[in-house]
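Asks:
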Amino acid sequence: MAKTETVGALGALCATHEDDEIAFLDALALARAYINRDLSPVEVAGSLLDRIERLNSRINAIVHLDREKTLEMARAAERRYAAGNVLSPLDGVPVTVKDLSSIAGWPRRRGSLAFDGLSPCAEDTPCVARLREAGAVLLGKTATPDSGCKVVTRSAVHGVTLNPYDLTKTPGGSSGGASAALAMGFGPLAVGSDGAGSIRIPASLTNVFGLKPGFGRVPAFPPDIDMPHSVVGPMSRSVRDAAVMLAVMCRPERRDPFAWPVPFFVPDDLADPDLRELAVAISPRMGCKAPLEDREVDELVLEAIPPLTRAGARVLAEDPAWPVDPVEPFQIFWDAGCAATLDGFAVEKRSLLDPTILKAAEAGRKVTISAYQRAMEQRLEITAASRAFFNRFDLLVCPVVATAAWPVAYDVPEGFADDDWRWCPYTFPWNMTGQPAASVPVGFTAAGLPVGVQIVGPWGGEENVLRAAAAIERRRSIAK
Numbered sequence: 001m002a003k004t005e006t007v008g009a010l011g012a013l014c015a016t017h018e019d020d021e022i023a024f025l026d027a028l029a030l031a032r033a034y035i036n037r038d039l040s041p042v043e044v045a046g047s048l049l050d051r052i053e054r055l056n057s058r059i060n061a062i063v064h065l066d067r068e069k070t071l072e073m074a075r076a077a078e079r080r081y082a083a084g085n086v087l088s089p090l091d092g093v094p095v096t097v098k099d100l101s102s103i104a105g106w107p108r109r110r111g112s113l114a115f116d117g118l119s120p121c122a123e124d125t126p127c128v129a130r131l132r133e134a135g136a137v138l139l140g141k142t143a144t145p146d147s148g149c150k151v152v153t154r155s156a157v158h159g160v161t162l163n164p165y166d167l168t169k170t171p172g173g174s175s176g177g178a179s180a181a182l183a184m185g186f187g188p189l190a191v192g193s194d195g196a197g198s199i200r201i202p203a204s205l206t207n208v209f210g211l212k213p214g215f216g217r218v219p220a221f222p223p224d225i226d227m228p229h230s231v232v233g234p235m236s237r238s239v240r241d242a243a244v245m246l247a248v249m250c251r252p253e254r255r256d257p258f259a260w261p262v263p264f265f266v267p268d269d270l271a272d273p274d275l276r277e278l279a280v281a282i283s284p285r286m287g288c289k290a291p292l293e294d295r296e297v298d299e300l301v302l303e304a305i306p307p308l309t310r311a312g313a314r315v316l317a318e319d320p321a322w323p324v325d326p327v328e329p330f331q332i333f334w335d336a337g338c339a340a341t342l343d344g345f346a347v348e349k350r351s352l353l354d355p356t357i358l359k360a361a362e363a364g365r366k367v368t369i370s371a372y373q374r375a376m377e378q379r380l381e382i383t384a385a386s387r388a389f390f391n392r393f394d395l396l397v398c399p400v401v402a403t404a405a406w407p408v409a410y411d412v413p414e415g416f417a418d419d420d421w422r423w424c425p426y427t428f429p430w431n432m433t434g435q436p437a438a439s440v441p442v443g444f445t446a447a448g449l450p451v452g453v454q455i456v457g458p459w460g461g462e463e464n465v466l467r468a469a470a471a472i473e474r475r476r477s478i479a480k
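Numbering-wise, full-length UniProt numbering puts 208 at position 208 of the sequence shown, and it's gapless, one number per residue.
#1: Please go through the segment 242-270 and give each complete alpha helix (DSSP H) segment of 4 or more residues, from N-terminal end onward.
#2: Which whole-angstrom value describes the C-beta separation of G117 and P107, a residue pair presumed to lie in contact below a C-beta threshold of 8 Å?
#3: Could you pull the start and end residues of the beta strand (DSSP E) that K194 belongs to?
#4: Bridge partners of R237, per DSSP?
#5: According to DSSP, is C398 helix, strand or coil?
#6: Can you tell me where the alpha helix (DSSP H) with V128 in it begins and where it stops?
#7: For a minimum of 3 consecutive residues, which ranges assigned as the beta strand (DSSP E) are wholly contained in the segment 362-406?
#8: Are the beta-carbon atoms belonging to G197 and T427 less than 8 Å from one another?
#9: For L182, tell me which candidate among G173, G195 and A203 has the shortest Cα-Cα distance.
#10: Please report how far the alpha carbon of R251 lies from the alpha carbon of P219, in whole angstroms.
#11: Exposed or buried, what is G457 when buried is set at 16 or more other beta-carbons lying within 10 Å of its beta-carbon?
#12: Just the Cα atoms here: how many angstroms apart are L353 and R392?
#13: Is it the case that the Cβ atoms of V160 and A45 are separated by a distance below 8 Å?
#14: So, helix, strand or coil for Q435, using DSSP?
#15: Quick check: P164 and A190, are their CB atoms within less than 8 Å of each other?
#16: Exposed or buried, M73, counting other C-beta atoms within 10 Å across all chains shown (16 or more means buried)?
#17: Helix, strand or coil for R310 per DSSP?
#18: According to the Cβ coordinates, are residue 483 and E473 closer than 8 Å?
#19: Taking only three categories from DSSP, how would you classify G159?
#20: Put K141 into one of helix, strand or coil per three-state DSSP.
#21: Give the DSSP-derived three-state secondary structure of A122 in the structure shown.
#22: I'd like the list of long-range same chain contacts for L87, defined as Cβ closer than 6 Å, with 5 residues on each side in sequence excluded.
#23: For S283, which residues of its own chain have a beta-carbon under 8 Å away from its beta-carbon, when the five flanking residues on both sides are left out?
#24: Given this structure, state the Cα-to-Cα distance separating D420 from D19, to the nearest angstrom.
#25: Could you work out which residue in V93, V248 and E68 is closest to R80 when comparing CA atoms only?
#26: Where does F444 sit, in a helix, a strand or coil, going by DSSP?
#27: To which residues of the same chain is K3 closer than 6 Å at the C-beta, ignoring the five residues directly before and after it?
#28: Starting from the C-beta of G287, find all residues in its chain whose C-beta is less than 7 Å away, skip the five residues before and the five after it, and write them out in chain order.
#29: So is K98 buried or exposed if we call it buried at 16+ other beta carbons inside 10 Å?
#30: Looking at the unbroken alpha helix (DSSP H) that takes in residue 562, where does it start and where does it end?
#31: Taking all protein chains shown into account, do 16 or more other C-beta atoms lie within 10 angstroms of the C-beta of T70, making it buried, or fewer, making it exposed?
#32: Using three-state DSSP, classify K349 as helix, strand or coil.
#33: Is it buried or exposed for S155, if we count other Cβ within 10 angstroms and need 16 for buried?
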């Protein structure tokens, strides 16, 4: 995404300032600047910290900073560059981390009153450990709703996070702090997580790129109650940055018994992808019931076709055929998971959790063993149907969410219940099947609100998802 597009769209909020040029450089541009001695990691980290302190109050994306520890990491990177001992393409590059992941020595509040917000974590979560080993500079922690329980970013701990493109709108969630931070130029990279769309939805609503990797691609520890639905993934302002970040995040982790032993390699043609070998299905409704429709979003989703065909892909209109409405088993998993989450807290802590969790937990307690077992069977049926579909297609292009950003006062678009996932049918099926899926910016509504298009790949297909996303990104850039 070009700096001029971002700054132009955010001009009223983010007035031209001397730090704007640094703020909107991508990760690989920063690394080149470090090698050429045009910039230093300390200069960049300090500039971004100053920018956050100056602008974060406007959107409430960053919830924790530790200036001295960040600058300490930047100084170490600067010494490595001076000595010629660069650790990786991300050495010295700032990254924010969603406050569901642990950073050793930093607190983790999870957006929840039920968690201690003062005690430092003892160890890094695996993806943070890999980024630290690669020399990345940890810039700050980003806002999340309580335990990632919503598709907006609002909590009793940190308040409401706003969309930089329109302060009356939500940036989405639960990685809304991460996406808003990227849009505001608070670093080029962000760690997000996605259990039902929590990377892709905020990426779509804020004009950034987000990838939900397949389950097992990025190691996790300790095992989480949301597995295998929830995974950690990269968010950025460019596809290539996310690809390089993923290559670092998915390095081996012995503690995770589900981590893949298969390495990920950054595709070598992201600058100009050749997609002639790919068959791509496009599906404006994804074979799902869609109670929410928006003509502008539908038209923007179709804008993905010309870039893909110009890159050589064969694009055909076809919907996946689901053996059961995916919302049926997902709702059971969601409600039962919230009930189990609630049971994991001491009785005196439970009332501190977000009402969304408490309401879902109440429904989850009514789920019978046989109903849960049936949901497990349905998930297998859905996964088998998806595998059959991707035996014929290499990729699927479809909406992320059938709306641009909605008013920040609402947890979901007006007219829908906040405990009913049927309004948003396009993201959570791929959490159940464990497949990679990304949101790449595709355009803006007449009101100037961003819209992303979703690209889904088969299990293990992150490379082609990234290549198709890069084709859309490149052609969109050329068109400007």
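We treat Cβ as the ideally placed atom computed from N, Cα and C, and that holds for glycine.
Replies: Result, derived from the coordinates:
#1: Qualifying alpha helix (DSSP H) stretches: none in this window.
#2: Contact holds; Cβ gap of about 5 Å.
#3: It should be noted that the sequence gives Asp, not Lys, for residue 194. DSSP places D194 in the uninterrupted beta strand (DSSP E) bounded by L189 to D194.
#4: Answer is none; R237 lacks a bridge partner.
#5: Look at C398 here: in three-state DSSP terms it is strand.
#6: P126 to E133
#7: 395-399
#8: yes
#9: A203
#10: 8 Å
#11: buried
#12: L353 and R392: Cα-Cα distance of roughly 44 Å.
#13: no
#14: Secondary structure of Q435 (DSSP, three-state): coil.
#15: no
#16: Counting Cβ neighbours within 10 Å, M73 comes out buried, since at least 16 surround it.
#17: If DSSP states are grouped into helix, strand and coil, R310 belongs with the helices.
#18: Given a span of 1 to 480 for the chain in the structure shown, any question on residue 483 remains unanswerable.
#19: In the structure shown, the three-state DSSP call for G159 is strand.
#20: strand
#21: coil
#22: A134 and G135
#23: A317, E318, D319, P320, L396, V397 and C398
#24: 43 Å
#25: V93
#26: DSSP places F444 in the strand class (E or B) of the three-state scheme.
#27: Legend: pLDDT at K3 = 46, less than 50; position of this residue unreliable, value from coordinates given subsequently. Result list for K3: F24, in chain order.
#28: Taken in chain order, the residues that qualify are D319, P320, A321 and W322.
#29: When all chains shown are included, K98 counts as buried.
#30: Since the displayed the chain opens at 1 and closes at 480, residue 562 lies outside it and no answer follows.
#31: Under this definition T70 is a buried residue.
#32: helix
#33: buried
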